[in-house]
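Take the sequence shown: its position 12, counted from the start at 1, is 18 in our numbering, and no numbers get skipped.
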Amino acid sequence: MSETQRSGCPINLTLEALGDRWSLIVIRDMMFGNRRHFRELLTHSEEGIASNILADRLKRLTENGFLTRADDPSHKQKAIYSLTEQAIQLVPLLAEMGAWGRRHLPATRTLSVRAEILENGGRPLWNAFMDELRESHLGTPRPSTGPKASDQMRDAYLAALKEEGETH
Numbered sequence: 007m008s009e010t011q012r013s014g015c016p017i018n019l020t021l022e023a024l025g026d027r028w029s030l031i032v033i034r035d036m037m038f039g040n041r042r043h044f045r046e047l048l049t050h051s052e053e054g055i056a057s058n059i060l061a062d063r064l065k066r067l068t069e070n071g072f073l074t075r076a077d078d079p080s081h082k083q084k085a086i087y088s089l090t091e092q093a094i095q096l097v098p099l100l101a102e103m104g105a106w107g108r109r110h111l112p113a114t115r116t117l118s119v120r121a122e123i124l125e126n127g128g129r130p131l132w133n134a135f136m137d138e139l140r141e142s143h144l145g146t147p148r149p150s151t152g153p154k155a156s157d158q159m160r161d162a163y164l165a166a167l168k169e170e171g172e173t174h
């Protein structure tokens, strides 16, 4: 019997597959920040991830099937990372985690507004966002031609930033 068959609990298996909080942060930044290069993930991390931790998580996420790595055609020495279908299907999990955090933890308006949009939009918005991710990361054309979920989240974030600037 394999270790996977022995452990059995889906929550434990999911946690083991993801690894730790840094792995979720990398996936989050790729999903919601469209950060696809090592340098972007490193320099734009709100949490200040160290380069050795980032390199390790990118390697682990690739080995575990959450990311793919390819040479960047625009630059010989760069790699571009893409989410796999497995990672894209984490959108509902991240949306629920964001909603829980918004309700129970002291999050700022600017950093929680996207979670609010995802929570209010529910499964239809999650599905639309996953379709966008499939288009940009997997090359699968988006079935809908309606407004993009990412545009809704970006616009809400920019409005929250503007409000924050006006109150300070």
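Ideal placement from N, C-alpha and C gives every residue a C-beta, glycine not left out.
For Leu-96, the secondary structure class from DSSP, reduced to helix, strand or coil, is coil.
In the displayed model, Arg-120 falls within a helix according to three-state DSSP. Of the residues assessed, Ile-17 falls on the exposed side of the cut-off, its CB having fewer than 16 other CB atoms within 10 angstroms. Beta-bridge pairing by DSSP links Ile-86 to Ala-76.
Between the stretch 110–122 and the stretch 65–78, the count of Cβ pairs shorter than 8 Å is below three; the stretches do not touch. Nearest neighbour of Arg-63 by Cα position, chosen from Ser-51, His-81, Val-32, turns out to be Val-32. Our two residues, Pro-149 and Glu-53, have alpha carbons roughly 35 Å apart in a direct line.
Around the Cβ of Gly-14, a 10 Å sphere holds fewer than 16 other Cβ atoms; the residue is exposed.
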